[in-house]
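Numbering (my numbering) for the sequence shown: 1 to 159.
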Amino acid sequence: MAEPDRDAARQMWHDYLASQPAQFSGEESLPDVDGFGDSRELADELIALVLDGIKRATAGLVADYEAAGEPLPGPGDHWVACDGAGVPRAVLRTTEVRVGRLDSVDDAFAYDEGEGDRSREAWLAGHRAFASRRGAALGIATGDDSMMAFERFEVVWQA
1 MAEPDRDAAR
11 QMWHDYLASQ
21 PAQFSGEESL
31 PDVDGFGDSR
41 ELADELIALV
51 LDGIKRATAG
61 LVADYEAAGE
71 PLPGPGDHWV
81 ACDGAGVPRA
91 VLRTTEVRVG
101 RLDSVDDAFA
111 YDEGEGDRSR
121 EAWLAGHRAF
131 ASRRGAALGI
141 ATGDDSMMAF
151 ERFEVVWQA
């Protein structure tokens with residue numbers, strides 16, 4: 001995935017803040033700027049699902065956050081979601097986060113992720129593969145007991 005365009009993300013963030021003057025002072029710092037998935041193609045596919053109103057949840061390995069020295073997302077947090085080329089496409093606000101084992105995903109969360117046929121079985125297959133790739137990149141073993149951050153979000157601004 002390409003590096004995010006931070007200048008464009010900053011502009012999108014400021015446009016969003018300006019649209020909510022009662023809620024923000026306008027001085028809030030730029031939140032996380034990132035894409036979905038671990039490849040340009042996957043990032044494009046997943047942001048399209050977000051923009052189409054299908055995808056309203058995501059999950060990431062807790063080990064990824066730890067390796068990057070980043071806190072887990074929390075309710076009320078914002079982030080700027082980019083496509084595979086690093087172009088900001090939407091500002092998202094986290095509404096809920098649950099930490100649990102990869103295999104603890106339920107049917108409702110799998111459906112809200114919006115991927116594949118939206119079933120738990122398809123979610124598990126896709127996220128086992130994702131966790132395996134991320135684990136290899138981090139030099140750790142992954143499996144059904146890998147801890148995940150299950151995040152639900154809403155789109156609050158889009159390009």
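Think of the CB as a built atom: it goes at the ideal place given N, C-alpha and C, for glycine as much as any other residue.
All of these numbers come straight from a predicted model, not from anything done at the bench.
Around the beta carbon of HIS14, fewer than 16 other beta carbons sit within 10 angstroms, so the residue counts as exposed. By DSSP's assignment, GLN158 forms a beta bridge with ALA90.
With contacts defined as CB atoms closer than 7 Å, ASP83 and ILE47 qualify as a contacting pair. Annotation: ASP77 is outside any beta strand (DSSP E) and is labelled neither H nor E by DSSP. Counting along the chain, GLY126 sits inside the alpha helix (DSSP H) bounded by residues 120-138. Note on geometry: alpha-carbon atoms of GLU70 and VAL156 lie some 23 Å from one another. Bounds of the beta strand (DSSP E) holding VAL33 are 32-35. Excluding residues up to 5 positions away in sequence, THR58, PRO73, THR94, VAL97 lie with their Cβ nearer than 6 Å to the Cβ of GLU151 in the same chain.
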